[in-house]
Every structure is written in C-alpha cells, then in structure tokens.
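Below is one structure; the comments refer to it alone.
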Amino acid sequence: MKFRISLAVLGLFCIMFIASSCNPRKQENQGDGKIISLSGDVFVDGQKAEQNSSVKPGARIKTGSNSSCEIVFSDKSIIKFYENSEAAVDLSSPSKSLNLFSGAVASVVKHLGKIAADREYNYTVTTPTSVAGIRGTSFLVKAEDENKTDICVCNGVVDLKDSEGKNRNIVEAAHHKGLRFARDEKGIHFSEIHLSESEEPDHDEEMERIAKKVNVRIDWTKADKESE
Numbered sequence: 058m059k060f061r062i063s064l065a066v067l068g069l070f071c072i073m074f075i076a077s078s079c080n081p082r083k084q085e086n087q088g089d090g091k092i093i094s095l096s097g098d099v100f101v102d103g104q105k106a107e108q109n110s111s112v113k114p115g116a117r118i119k120t121g122s123n124s125s126c127e128i129v130f131s132d133k134s135i136i137k138f139y140e141n142s143e144a145a146v147d148l149s150s151p152s153k154s155l156n157l158f159s160g161a162v163a164s165v166v167k168h169l170g171k172i173a174a175d176r177e178y179n180y181t182v183t184t185p186t187s188v189a190g191i192r193g194t195s196f197l198v199k200a201e202d203e204n205k206t207d208i209c210v211c212n213g214v215v216d217l218k219d220s221e222g223k224n225r226n227i228v229e230a231a232h233h234k235g236l237r238f239a240r241d242e243k244g245i246h247f248s249e250i251h252l253s254e255s256e257e258p259d260h261d262e263e264m265e266r267i268a269k270k271v272n273v274r275i276d277w278t279k280a281d282k283e284s285e
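Residue numbering for the sequence shown follows the numbering used here, starting at 58 and increasing by one per position.
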C-alpha cells in the first residue's frame, strides 16, 4: 500500500513538473525588458544600469547628458531613450503604458495583440501635454518641457489627443507625420509639424536601425496597421 501511494505521489509530481516546464514562468516574465545597448549614465529605478540589465514592469528609466539606452521587451517591442530623458514603462499585458516625463523616446512595436472590447488600444504613451494611443508601429515622442510635446508618427497609426482629453486626431502615416501639443495661458493647442528634407534621411535611418534590432522591416510606402 505504501509503495502504491508513493508511486502515485511521484507520478503527480512528474505531471506538475512537465506542465511547469511547458509554460516556464510565463506570467512572471510578462512585460520584462532587457537593456541591449547603453551609452553614458543610465539608471533603472535609481540604480546605475549596465548592458543586459533587466527592466521590470513599472520601472523608471533615467538617462543623463550624452547618454542613451535601448530596451527590448518580452513582446519584442523596442524603445530607445535619448539623453536627458525620464520615463516609467510597463509593457505587461493587457494594458501597456509609457509615461514620458521629459526627454525623448523612439519605439517600434509589434504584437500588441487584439484590442479588448473595453479599450480603444493596448498601448498608451503619455506626456505632460499629450496622450497617444498606439495602434502601430513606429513613432517618436519628445517632451521638451511640461508645456510642449512633439509626436512623430513615423510609420503606422496613432490616436492623439491632449492631456485634457481634447484636440483628438487619429494620425495615419506611411512616412513621418507629426503634431505638436503646446500649452499656454488659454490651454493646450496642437499644430502640425513637418520634417525638413535634410532631416528625413536621418530619421529614416534611425528608425530602420532600431527596427532591425527586433527583426522588423519598415515599409515607407504604406502605413503599417498591424497590431498582432
């Protein structure tokens, strides 16, 4: 009898072990990121970061002068943080968020998943003056200060509005379209911004370089609306 009980317990243990091996820490690792490149002074939650440092959901990223870093997340999204930037990032499902307090970021996102019935998008980028609902795929956000934000939809679709929920614009672009949200004594206003002919090649090269690191090719002839 004891032998039979021990055998049954052993069998149950083996089943549990196999099941856990087939789904290794799926929930625990969801939304985790890793710094794949770093230059200068970069901090994660106040601690000096290094190459391959991990980034947990909700982490606060800060870069110093002449400093930058690139982070790849478990869903294969990538974000580049430029110098003098500070942000909190959480790409765990189902609601992904990037809160940019200051500075600039560029990002290429894929595999956002199906949009749930109770939300308009699965990835939101906020700044002191704007809210961007990301539908795909490549974008750049620059928060110069608490009163001005420039957003470039490099390729894809982004739902833009100011931080007061007004001035909503759905911007679809195959090749760089931008809006500026600026606050004055009358409130927040928006205006279109355009890259000069001399700036476009540099922006193309930068976004293509970032996208290549997550095996994404940007087709500048059409707006990428893929979110899955």
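All C-beta atoms in this analysis are idealised placements derived from N, C-alpha and C, irrespective of residue type, glycine included.
Computed from a predicted structure; not experimentally measured.
Checklist line | Span of the beta strand (DSSP E) around Thr181 | finding: Its beta strand (DSSP E) spans residues Tyr180 to Thr183.
Check: If you run the structure through DSSP and keep just helix, strand and coil, what is Lys137?
Finding: In this structure, DSSP gives Lys137 an extended state, which the three-state scheme calls strand.
Next item on the list: Leaving out five residues on either side along the sequence, give the residues of the same chain with a beta carbon under 8 angstroms from the beta carbon of Thr181.
Entry: Ser152, Lys153, Ser154, Leu155, Val188, Ala189, Gly190 and Ile191
Note to self: Given a cut-off of 7 angstroms on the beta-carbon distance, is the pair Asp281 and Gly213 in contact?
What the structure shows: yes
Notebook entry, point to check: How many angstroms separate the CA atom of Arg82 from the CA atom of Ile128?
Noted result: With a pLDDT of 43 at Arg82, under the threshold of 50, the modelled position of that residue is not reliable, and no figure is offered here.
Check: Who does Asp202 pair with in a DSSP beta bridge?
Finding: Lys205
Note to self: Can you check which of these residues, Phe196, Gly88, Lys133 and Ser111, is closest to Asp216 by C-alpha distance?
What the structure shows: Phe196
Checklist line | Per-residue burial, His251 [other beta carbons within 10 Å of its own, 16 or more giving buried] | finding: exposed
Next item on the list: Return the CA-CA distance between Asp132 and Gly88, expressed in angstroms with no decimal places.
Entry: 7 angstroms
Notebook entry, point to check: From this set, Ala231, Gly222, Lys223 and Asp202, which residue's C-alpha is nearest Cys209's C-alpha?
Noted result: Looking at the Cα atoms, Ala231 is the closest of the given residues.
Next item on the list: Inspect the beta-carbon positions of Lys119 and Phe100 and report whether they are closer than 7 angstroms.
Entry: At a Cβ-Cβ threshold of 7 angstroms, Lys119 and Phe100 count as neighbours.
Next item on the list: Measure the CB-CB distance between Phe275 and Lys137 and report whether it falls below 7 angstroms.
Entry: First, the residue type needs correcting, since residue 275 is Ile and not Phe in the sequence shown. No, these two residues do not count as a Cβ contact at 7 angstroms.
Margin query: Once the 5 residues before and after Val7 are set aside, which same chain residues still bring their CB inside 8 angstroms of it?
Written below: Absent from the model: residue 7. The displayed extent of the chain is 58 to 285, so no value can be given.
Margin query: Quick check: what's the CA-CA separation for Asn179 versus Lys234?
Written below: One C-alpha to the other measures close to 21 angstroms.
Item checked: Buried versus exposed call for Lys218 [16 or more other C-beta atoms within 10 Å across all chains shown] -> Burial call: buried.
Next item on the list: State the Cα-Cα distance for the pair Asn224 and Glu265, rounded to the nearest angstrom.
Entry: Straight through space, the alpha carbons of Glu265 and Asn224 are spaced by roughly 30 angstroms.
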